[in-house]
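Read the structure below first, then the notes.
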Amino acid sequence: MSQPKIIAYMKPVCGWSNGVRAIFAKYGLDYEDRDIINNENNYREMVQKTRQPYQPCVQIDDIMLADVSGDEVEHYLVSEGIVKSSEAETDVPTDQACEDHGPSAVNIGFSSR
Numbered sequence: 015m016s017q018p019k020i021i022a023y024m025k026p027v028c029g030w031s032n033g034v035r036a037i038f039a040k041y042g043l044d045y046e047d048r049d050i051i052n053n054e055n056n057y058r059e060m061v062q063k064t065r066q067p068y069q070p071c072v073q074i075d076d077i078m079l080a081d082v083s084g085d086e087v088e089h090y091l092v093s094e095g096i097v098k099s100s101e102a103e104t105d106v107p108t109d110q111a112c113e114d115h116g117p118s119a120v121n122i123g124f125s126s127r
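The opening position of the sequence shown corresponds to residue 15 in this note's numbering, with each subsequent residue numbered one higher.
Listed below in structure tokens is the structure:
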């Protein structure tokens with residue numbers, strides 16, 4: 015099967031986005047990485063195409079996968095026969111946010127004047 019056209023709408027630094035990138039690297043797939051943080055037009059395009067504001071969103075040919083993890087992208091690629099399942103490891107988790115995006119409170123401290 016030939017390489018599908020893949021456009022990924024993602025944040026430059028994000029655990030979910032890095033998981034999607036890791037899946038594309040694992041299978042040697044070329045893709046266009048559209049930065050939705052530093053390019054407002056990319057963000058607007060993603061929202062218009064998906065009708066929701068969450069990322070990563072991955073367009074594979076004419077199919078849009080909205081608000082997905084790397085694991086979900088891999089499942090789609092395998093189930094559609096785009097790639098053959100591989101047990102190869104990735105260098106980052108493919109199913110979680112960044113380590114610093116946990117539920118714990120952040121101490122921001124204020125200084126007195």
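Glycine included, every Cβ here is placed at the ideal spot set by N, Cα and C.
Legend entry - Closest by C-alpha distance to residue 109, when choosing among 39, 50, 93 and 88: The residue labelled residue 109 in the question sits at position 95 within the sequence shown. Checked all of 39, 50, 93 and 88; the closest Cα to residue 109 is 88.
Legend entry - Under 8 Å between C-beta atoms of residue 74 and residue 20: In the sequence shown, residue 74 corresponds to position 60, counting from 1. In the sequence shown, residue 20 corresponds to position 6, counting from 1. Yes, the Cβ-Cβ distance between residue 74 and residue 20 is below 8 Å.
Legend entry - Backbone CA spacing between residue 50 and residue 84 [nearest angstrom]: In the sequence shown, residue 50 corresponds to position 36, counting from 1. In the sequence shown, residue 84 corresponds to position 70, counting from 1. Distance between the alpha carbons of residue 50 and residue 84 is about 17 Å.
Inset, instruction - Quickly, what does DSSP pair residue 21 with across the bridge? List them, please. - result: Counting from 1 along the sequence shown, the entry for residue 21 is found at position 7. As a beta-bridge residue in DSSP terms, residue 21 pairs with 46 and 73.
Legend entry - residue 80 vs residue 47 beta-carbon contact at 8 Å: In the sequence shown, counting from the first residue as 1, residue 80 sits at position 66. In the sequence shown, counting from the first residue as 1, residue 47 sits at position 33. Contact flag unset, no.
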